[in-house]
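Report on the structure given below.
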Amino acid sequence: MTSTIKPRSREELRQAVEWALNEGTTLDVRGQGSKVVLGKPMVCDQVLDLSGLSGVVDYAPEELVVTLRAGTPISEVEALLAQRNQMLAFEPPDFGPLLGREAGQGTLVGAVMGNLAGPRRLSAGAARDHLLGFSGVNGRGESFKSGGKVMKNVTGYDLSKLLAGSWGTLAVLDQVSVKVLPAPDQTRTLLLLGLDDAAGVRAMCAALGSPHDISGAAHLPGKTALRIEGVAPSVEARLKALRELLIDWDTSMEELSTLESRAFWREVRDVAPLRSASDAVVWKISCPPTEGPVIMARIKALRPSAEAFYDWSGGLIWLALPPGADADHAIVRGAIGERGGHATLIRAPEAVRAAVPVFQPQPAALAALVSRVKESFDPKSLFNPGRMG
Amino acid sequence: MQMPPLDPAILARRGEIVAALRTIVPGEGVIDDLEGMRPYECDALSAYRQMPLVVVLPETVAQVSTILRYCQDNKVKVVPRGAGTSLSGGSMPVGDAILLGLGKFNRMLEIDYANRCARVQPGVTNLGISKAVEHEGFYYAPDPSSQIACSIGGNVAENSGGVHCLKYGLTTNNLLGIEMVLMTGEVVRLGGKHLDSEGYDLLGVMTGSEGLLGVVTEVTVRLLRKPTTARAVLLGFPTEAGAADCVAAVIASGIIPGGMEMMDKEAVKCAEAYVGAGYPLDAEGLLIVELDGPSVEVDHLVDRVAEIARGRGATTVRVSNDEQERVLFWAGRKAAFPAVGQITPDYMCLDGSVPRGRLVEVLAEMREMSKKHRLRVVNVFHAGDGNLHPLILFDANDADELHRAEEFGADILRLCVRVGGVLTGEHGVGIEKRDLMGVQFTEIDLDQQMRLKCAFDPDHLLNPGKVFPQLRRCAELGRVVVHHNKMPFPDIPRF
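These protein sequence lines are chains A and B, in that order.
Going by the numbering used here, the first residue of the first sequence is number 1486, and it counts up by one from there.
Going by the numbering used here, the first residue of the second sequence is number 76, and it counts up by one from there.
Below you can see the structure in the form of structure tokens.
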């Protein structure tokens, strides 16, 4: 069994990496390991466990910034922010149950490393848009930092963007500063019933093109949901205006209360609608919103049993396909084709993830650039080797 | 300001380089006479200027690709340039480098309202995008004050901001994709009309990379629907601390205004004399807070902001009643720089960012520095996001004053870093803050950034002399030192 090394301080973390560099030891870098089954399977000599570097270092609500150590559980951060009516606006999903694990696990830095985002991605951005700065250790065993704690900062390259979504393959972070935002007073949802995929996406795009500040737009089979958040008088006015905007659509409408809305969007965020088929493979497709139904129609033509729902106004397809040795990756990526976008295999057995590209393959020039970027941080490929394929 | 020494071998080959460029870009696209090159000798940081080796204005991506490939093969340096409005010298020419102007890439390629995005060429102006979509009620959110002139390609290079960043983000938060050309001539597309990257977020790294990594040849931006209503509140306070407290209190109460600007007494006086916006001359600190959204929301929030301000001792509270009045409230702020220009031969505009909670302390210390350097300072800033724009007043014809202004500016930026802020919030490092990078970053931090540069441009040919105080060769930076016998087993818990 792989042994584990668990640093307790920034300097111990640096020493651990320096030691790994000197020994030629590869590291499986984890916070709580809640997403270890996501990505290409890895064979590492050693687990580098960051849970010993935990805790909020500084939280200033009026500065809209929280600074915390890399192993801090996301639940701890969310609870702290909730006390001051603030939130992580990018709405990081909890993939636990989808990946066959418990709910409520994982670290905030883990979510940042996957550049995860929930339904509010549409209006508030992804994890990348909220990571203000970090410190960490590169593959040379050097402690370095980038960014800061302020909202506006263009000093040097924006390495925060690069680290967000790098799945732990560039550097091991020990501390991050993350932008937080006020939580909305009210959250309401307008449901349009009975629209097919194409009509549902058209309705969502129409709503997004209105001035009514939609902060969530998802289409599930037979149900199209539009979220409106904010102060009470504004929410009421916008809901009314939105109903008027969509009055000519051949659909009946319902509204969800704040409590119902929170539960509904949590389910969308955590991909709950696809959890029932526990052996299905699950793909995440990012595409231009209007192309969502086109791509899905192509997939359904070849795989009629495919199940799917849309988030991000149609720009995010959560897709479940029957189990198979190659997860139908050629069908999925072929369907995207010239329509633009990419597909990531989020859930599949280890053997399948080993056999097919989990992340979207890139053209040669880009792939070569990406490997030079990787090398510039981690020249000996110590961190999560091969996880991104 | 020291620029890298010119390479005599390149200067000697000038004729040959010009001839080669003429085979790539025909006709007037290559400018090599002094008079023709004169308009390109500086950008908006006009205190520093240098004539380029030659100016080339390509019209197609294929030409850009061929030029860069030629430069890579022949080790010729390249300075990319959009509209030349950089305030940090980001597009200042270098004497032994080709100046690659992208002004001819000025077409809107596609507007896609259903997917709320526009695909444009990099030479299109920032305001040009908003103008092209305003009839449908849309706009492009980042609004740097140079938006009438600055190009979207330059915005990508500088990660430009504006007064609405707190709510709507900087350029990086409003981009969906780019097409770019590497020094090898390879054309790479990052992103598109969809969200998020399939792998490393190179789009995020390119944004704000100040032209050091690649040349952007196409940009896809996110369009937003214009808010239906906007109202501004003018708040005057008897102390700067009162104004700063109010900013913190508004945000702590859960309100994110569309814009929240602060001016000190001197700035108010200048602006009022210049445009007559009706600012209270007795205020030590003036805030302009703009709320935007549906009218019922704006009305609700305007009342709350006014109440918070009164609770913090505001002596002036005025809410704009119509669009004309809102524009008037802003007129003074928008004219603040030229207004200050009326009372001084020259001024230097700085751009540090600080945590909002340190604003008062930073202002007080700046006043002390002002005495020490014997130069006046006027403060205008984006209070909502802690981005300061101190203006140091001086006379450039007086060498001693210029020197003291430079020293004063450097002291202010060091102060910003000391209180937990950064050297530049939106103007970029360029040549202006290059030599101060060591104040914010360690050598290791800078080496890591330079290694990233090497991944894109291993011969340091793109935009030389900018951002990094000292360039180290990529081969040297790439060396990995492994000590096989050192620290075989550090004292860290294992199991």
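Just so you know, even glycine gets a beta-carbon here, dropped at the ideal spot from N, CA and C.
For clarity, every value in this text was computed on a predicted model and none was experimentally measured.
So which residues on chain B does residue i lean against when the C-beta distance must stay under 8 Å?
{"i": "W1797/A", "result": "L270"}
{"i": "Q1847/A", "result": "E273 and G274"}
{"i": "D1614/A", "result": "G244, T247 and N248"}
If you reduce the DSSP assignment to three classes, tell me which class residue i lands in.
{"i": "C345/B", "result": "helix"}
{"i": "Y1795/A", "result": "strand"}
{"i": "S1771/A", "result": "strand"}
{"i": "R297/B", "result": "strand"}
{"i": "I1831/A", "result": "strand"}
{"i": "Y1642/A", "result": "coil"}
{"i": "Q125/B", "result": "coil"}
{"i": "N190/B", "result": "coil"}
{"i": "K1708/A", "result": "strand"}
{"i": "D1534/A", "result": "strand"}
{"i": "M1636/A", "result": "coil"}
{"i": "F1575/A", "result": "coil"}
{"i": "S1608/A", "result": "helix"}
{"i": "N538/B", "result": "coil"}
{"i": "I40/B", "result": "Here chain B comprises residues numbered 76 to 570, so residue 40/B is not present and cannot be evaluated."}
{"i": "S1861/A", "result": "helix"}
{"i": "P1808/A", "result": "coil"}
{"i": "C225/B", "result": "coil"}
{"i": "V1716/A", "result": "coil"}
{"i": "T246/B", "result": "helix"}
Report the rounded CA-to-CA distance for residue i versus residue j, giving the unit in angstroms.
{"i": "V1661/A", "j": "S1645/A", "result": "9 Å"}
{"i": "T391/B", "j": "Y354/B", "result": "9 Å"}
{"i": "S205/B", "j": "Y215/B", "result": "5 Å"}
{"i": "G1799/A", "j": "R1613/A", "result": "21 Å"}
{"i": "S1742/A", "j": "S445/B", "result": "56 Å"}
{"i": "D108/B", "j": "G90/B", "result": "12 Å"}
{"i": "A307/B", "j": "F213/B", "result": "21 Å"}
{"i": "R489/B", "j": "L1601/A", "result": "35 Å"}
{"i": "E1930/A", "j": "D374/B", "result": "Only positions 1486 to 1874 of chain A appear in the structure, and residue 1930/A is not among them; the question remains open."}
{"i": "E1740/A", "j": "D486/B", "result": "57 Å"}
{"i": "G1715/A", "j": "S1620/A", "result": "34 Å"}
{"i": "A458/B", "j": "M337/B", "result": "6 Å"}
{"i": "A1501/A", "j": "T1487/A", "result": "15 Å"}
{"i": "R479/B", "j": "L162/B", "result": "20 Å"}
{"i": "V153/B", "j": "G1524/A", "result": "39 Å"}
{"i": "P1667/A", "j": "I99/B", "result": "54 Å"}
{"i": "Q523/B", "j": "F1629/A", "result": "8 Å"}
{"i": "G496/B", "j": "K1634/A", "result": "7 Å"}
{"i": "S1719/A", "j": "E443/B", "result": "46 Å"}
{"i": "R547/B", "j": "D510/B", "result": "15 Å"}
Output, in chain order, the set of chain A residues within a Cβ distance shorter than 8 Å of residue i.
{"i": "T282/B", "result": "D1643 and K1646"}
{"i": "V504/B", "result": "V1639, T1640 and G1641"}
{"i": "N234/B", "result": "V1639 and D1643"}
{"i": "K301/B", "result": "P1696"}
List the residues of chain B whose Cβ lies closer than 9 Å to the Cβ of residue i, in chain order.
{"i": "S1651/A", "result": "G274, Y275 and D276"}
{"i": "N1600/A", "result": "D271, S272 and D276"}
{"i": "D1863/A", "result": "Result: empty, since nearest Cβ-Cβ is about 10 Å, beyond 9 Å."}
{"i": "Q1500/A", "result": "M562, P565, D566 and I567"}
Chain B partners of residue i, CB-CB under 7 Å?
{"i": "K1634/A", "result": "P430 and G495"}
{"i": "C1772/A", "result": "H269"}
{"i": "P1844/A", "result": "The question names Pro, but residue 1844/A is Phe in the sequence shown. Here the neighbours are E273 and G274."}
Run down chain A in chain order and give the residues with a C-beta less than 9 Å from the C-beta of residue i.
{"i": "Y188/B", "result": "C1690 and G1694"}
{"i": "F516/B", "result": "F1629, K1630, S1631, T1640 and G1641"}
Give me the chain A residues within the contact set of residue i, using Cβ-Cβ distance strictly less than 7 Å, ordered along the chain.
{"i": "L241/B", "result": "M1636"}
Worksheet item: So, do the stretch 1546 to 1564 of chain A and the stretch 1649 to 1667 of chain A have three or more beta carbon pairs nearer to each other than 8 Å?
Response: yes
Practice prompt. Name, going along the chain, the residues of the stretch 1537 to 1548 of chain A whose beta-carbon falls closer than 9 Å to a beta-carbon of chain B.
Written response: G1537, A1545, P1546, E1547 and E1548
Discussion item. Under 8 Å, with one C-beta from each stretch per pair, do the stretch 314 to 328 of chain B and the stretch 431 to 445 of chain B reach the 3-pair mark?
Written reply: yes
Discussion item. So, does the stretch 259 to 274 of chain B touch the stretch 232 to 242 of chain B, judging by three or more C-beta pairs under 8 Å?
Written reply: no
Worksheet item: If contact means a Cβ-Cβ distance below 8 Å, which residues of the stretch 385 to 403 of chain B contact chain A?
Response: none
Discussion item. Please list, in chain order, the residues of the stretch 435 to 461 of chain B that have any C-beta partner in chain A closer than 9 Å.
Written reply: H457, G459, D460 and G461
Practice prompt. Tell me, please, whether the stretch 1625 to 1644 of chain A touches the stretch 1511 to 1526 of chain A by the rule of three or more beta-carbon pairs shorter than 8 Å.
Written response: no
Worksheet item: When the Cβ atoms of the stretch 1802 to 1814 of chain A are set against those of the stretch 1823 to 1837 of chain A, are three or more pairs found closer than 8 Å?
Response: yes
Practice prompt. Would you list, in chain order, the members of the stretch 1665 to 1676 of chain A that have their beta-carbon closer than 9 Å to a beta-carbon of chain B?
Written response: L1666, P1667, A1668, P1669 and D1670
Worksheet item: Relative to chain A, which residues along the stretch 142 to 164 of chain B have a C-beta separation below 7 Å, given in chain order?
Response: none
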